[in-house]
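The opening residue of the sequence shown carries number -3 in our numbering; numbering runs sequentially from there.
Glycine is no exception: its CB is placed at the ideal position from the N, C-alpha and C atoms.
The structure under discussion appears below in the form of structure tokens.
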Amino acid sequence: MAALKTFPRSSILDLECFILKTSPQFDQAIFFARGLMLHLKDIATIRSGYLFRERIKPDASGQYQVVQVGDIKPEAGFSNGSLVRVSLPDVKQSQFLEKGDVLFISRGPRKQAIAIAWPIENSIATSQFFVLRPDERMLPEFLAWYINQRPAQRYIEEHSTGTSASLINLDAMKGLPVEAPPVETQARITKIHKLSLREKELMEAIQNKRRALIEMSLLKTIG
């Protein structure tokens, strides 16, 4: 408690970072994380999404929902309610998405990963995605966060082929090096990441409000 009293700033994000860095297990966890380098195939099953033989045909009464690349918003995932519904005759049980899966965009300029952290039913992803299902050693949200960081992105860039429509193949993705700290450390990292995103969101809201107030004041000066 004495350490917290001397903490120089009051933001939640700084407090979480402070707790993480001053934790007795922090140095050991960082050493462990740097010492244990696994390949993606060692800690997750990896498969391609559903291959549509032709253009996707929306059907409002269809029994399945489809996640497409356009549904993925940077830092925000996607909303079940915005997904296109389709009717398909040949969807296998193994192709359905589950809570805890990680979607990775394997084609195009944006090689982004997102974790499905909410219940999802009767939904599939297109073949532009790889679907990763981590085992108990890896939190889905940590895996998605790690894939989006520079070390993993550098590997992905180096192993992608093509130019404007670049892609990384399944075998190369399976070989992606992944650092695996203890689950407790993974949870702390993902919590701090969420707080940083929330902080960014709040700061943008404050800036937008301030901008609107300034514009309103300027209009009053000529009104």
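Rounded Cβ spacing between residue i and residue j (contact assumed at less than 8 Å)
{"i": "L93", "j": "V127", "result": "7 Å"}
{"i": "S102", "j": "F125", "result": "7 Å"}
{"i": "G143", "j": "F100", "result": "First, the amino acid is wrong: residue 143 is Ile here, not Gly. Yes, they are in contact, since the Cβ atoms of I143 and F100 sit about 6 Å apart, within 8 Å."}
Delimiting residues of the alpha helix (DSSP H) encompassing residue i
{"i": "I202", "result": "179 to 218"}
{"i": "I152", "result": "146 to 154"}
{"i": "A168", "result": "166 to 170"}
Same chain, Cβ closer than 7 Å to residue i, neighbours up to 5 away in sequence not counted
{"i": "T186", "result": "L135, E137, F138, W141"}
{"i": "F28", "result": "Low per-residue confidence applies at F28: pLDDT is 42, beneath 50, and the placement is therefore not dependable, though the value from the model is reported in the following sentence. Correct list, in chain order: P177, P178."}
{"i": "L47", "result": "S123"}
Start and end residues, beta strand (DSSP E) containing residue i
{"i": "P136", "result": "Counting along the chain, P136 falls outside any beta strand (DSSP E), though it belongs to the alpha helix (DSSP H) covering 136 to 143."}
{"i": "I120", "result": "119 to 121"}
{"i": "A109", "result": "109 to 111"}
{"i": "L128", "result": "125 to 130"}
{"i": "P105", "result": "Run containing P105: none; DSSP gives neither H nor E here."}
{"i": "P173", "result": "173 to 175"}
Cβ shell of residue i (< 6 Å), same chain only, five flanking positions each side left out
{"i": "P20", "result": "Confidence at P20 is low in this model, with a pLDDT of 43, below 50, so its placement is unreliable and no value can be given for it."}
{"i": "V98", "result": "A109, A111, L128, P136, L139, A140"}
{"i": "H189", "result": "W141"}
{"i": "P173", "result": "M33"}
{"i": "D131", "result": "I39"}
{"i": "R43", "result": "V127"}
Own chain partners of residue i with C-beta closer than 8 Å, once the 5 adjacent residues on each side are dropped
{"i": "K95", "result": "I112, A113, W114, P115, I116"}
{"i": "I52", "result": "V62, Q64, V80, V82, T122"}
{"i": "R133", "result": "I39, A176, V179"}
{"i": "V87", "result": "Y46, Y60, I120"}
Please go through the stretch 17 to 101 and give each complete alpha helix (DSSP H) segment of 4 or more residues, from N-terminal end onward.
22 to 31, 36 to 39
So, does the stretch 193 to 201 touch the stretch 148 to 161, judging by three or more C-beta pairs under 8 Å?
no
Three or more C-beta pairs under 8 Å: does that hold for the stretch 39 to 48 against the stretch 105 to 118?
no
Three Cβ pairs or more, each shorter than 8 Å: is that satisfied between the stretch 75 to 95 and the stretch 42 to 61?
yes
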